[in-house]
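S.K.: Per my numbering, residue 42 is the first one in the sequence shown, and the count goes up by one each step.
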Amino acid sequence: MVRGLFPFLGFSAANLPVPNGGSSVRQVSVARNCRLGQPVSGYYARRMQSDSGRSGTAEVVAVLRAAAARDSVLRNPDRFAERLISPWYRWGLRISLVRAGLLWAAEQQAPGLYAYVTARTKYFDRVIVGEIRSGAEQVVILGAGADSRAQRLPELRSVAVYELDHPATAEWKQRRLRAAFGAVPAQVRYVPVDFGNQSLDDVLDAAEVARDRRTIFLWEGVAPYLTHAEVDVTLTAIARFRAGSGVVFDYWDQGAIDEPSRYPGAAEYLRRLAARGEPIRSGLDPKALADHLTAHGLKLVDNAGPRELDEYLTGSGRTSLSFCWMAHARVR
């Protein structure tokens, strides 16, 4: 029964299951007749179609963050995730035996994901806070889902935050925020996007995101599902912002896609994701990442692999995924 709650645990945080109906506030309309450039991602379009019903993958990732926030060793900093997930999950996490069963099922079907999600949350938090403290004036979250940083990180209260996501997901999140906190954060602008038909440049322009302000982009759990061309289009769009702006993102080691047998767990992840219709479409070479970013107007600041990410898991006896990396880059 517990296993049935986890048909498969992917690690994309782009979208969440959403009920029909409802209304939203502080929502920035993106013009439907804007010039169509190369779509940000066919992956987004596919996920948007599935979200017309109910896709549980991203909510499961939020459940893992919430569970790890209750873990006295891992200490995932996302203490608000539990308030945004479905009531059934909240109930389960509060009962130790049920929580243990959920985590057992997660580990059986996606070994290492629980630890990886915690390492990713901590790494991204560190980068975003550092960027704001050093002068970033805007935060742009690509595929915001259940991201709670605007609520839980004090540094984000004094900057403009743009959350880009499918309209249904944005409305779902705003309803959950109002239910949990009584209101949505005043500094957040929710930007409903048809990622399948609009270029990122067009979306940012329509939302009036100022390119002359130093900006940090959060691109979490998305890049591996894009083609190489789509990844490059996104990097190029980010590089058009003011010098010193940055991006933090996670990616698959290309070697794990080319030769998965060399990376523990990679072959099984590739198989399960492909079976779900959400295949891994691209990776990057960690050794060549600096040159790749340079070609797209960015400078690599940090490139954290499994060994570095394990430092965020000290004392837990857990390790991160062997094939996933995280990177921080800035506009040159």
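Ideal Cβ positions, reconstructed from N, Cα and C, are used throughout, including at glycine.
None of these values were measured; they are calculated from a predicted model.
In whole angstroms, give me the CA-to-CA distance for GLY262 and ALA108.
M.R.: Counting from one through the sequence shown, the residue named residue 262 turns up at place 221. Counting from one through the sequence shown, the residue named residue 108 turns up at place 67. Those two C-alpha atoms are separated by around 19 Å.
S.K.: For ARG167, tell me which candidate among GLU100, VAL232, LEU311, ALA345 has the shortest Cα-Cα distance.
M.R.: Indexing the sequence shown from 1 puts residue 167 at position 126. Cα-wise, what sits closest to ARG167 is ALA345.
S.K.: Compute the Euclidean distance between the alpha carbons of GLU100 and ALA187, then round it to the nearest angstrom.
M.R.: Within the sequence shown, the letter at position 59 stands for residue 100. Within the sequence shown, the letter at position 146 stands for residue 187. Those two C-alpha atoms are separated by around 8 Å.
S.K.: Using the DSSP secondary-structure output, state which residues sit across from GLY287 in a beta bridge.
M.R.: Here residue 287 is taken as the residue at index 246 of the sequence shown, counted from 1. Answer is ILE257, ARG371.
S.K.: Specify the secondary structure class of PRO233 as computed by DSSP and reduced to three states.
M.R.: Your numbering for residue 233 matches position 192 in the sequence shown. Strand.
S.K.: Provide the residue(s) that pair with VAL202 in DSSP beta bridges, ordered along the chain.
M.R.: Within the sequence shown, residue 202 is the residue found at index 161, counting from 1. Answer is VAL180, VAL229, bridged to VAL202.
S.K.: What whole-angstrom Cβ distance do ALA156 and SER357 have, given they're in contact under 8 Å?
M.R.: Residue 156 sits at position 115 when you count from the first residue of the sequence shown. Residue 357 sits at position 316 when you count from the first residue of the sequence shown. Right, their Cβ atoms sit about 7 Å apart.
S.K.: Within this structure, are the beta carbons of ARG373 and VAL342 separated by less than 8 Å?
M.R.: Looking up residue 373 in the sequence shown gives position 332. Looking up residue 342 in the sequence shown gives position 301. No; because the gap between Cβ atoms is not below 8 Å, this pair is not in contact.
S.K.: Taking the beta strand (DSSP E) that LYS340 falls in, what are its first and last residues?
M.R.: Along the sequence shown, read from residue 1 onward, the residue named residue 340 stands at position 299. 339-345 is the span of the beta strand (DSSP E), which, as asked, contains LYS340.
S.K.: Along the chain, where does the alpha helix (DSSP H) containing ASP351 start, and where does it finish?
M.R.: The count along the sequence shown starts at 1 and reaches residue 351 at position 310. That residue, ASP351, is in no alpha helix (DSSP H); it is neither H nor E in DSSP.
S.K.: With contact counted as at least three CB pairs below 8 Å, one residue from each stretch, are the region 285-293 and the region 201-213 in contact?
M.R.: no
S.K.: With H, G and I counted as helix, E and B as strand and the rest as coil, what does DSSP make of LEU325?
M.R.: Start at 1 with the first residue of the sequence shown, and residue 325 comes out as number 284. LEU325 falls in the strand class under three-state DSSP.
S.K.: Compare the C-alpha of HIS337 against each of GLY296, ARG216, ALA280, ASP112 and name the closest.
M.R.: Translated into the one-based positions of the sequence shown, residue 337 becomes position 296. With distances taken between Cα atoms, HIS337 lies closest to ALA280.
S.K.: Which residues in the same chain as VAL114 place their Cβ atom closer than 6 Å to its Cβ, once the five residues preceding and following it in sequence are excluded?
M.R.: Reading the sequence shown from its first residue, position 73 is the one you call residue 114. Closer than 6 Å at the Cβ level, and outside the excluded window around VAL114, lie GLY356, SER357.
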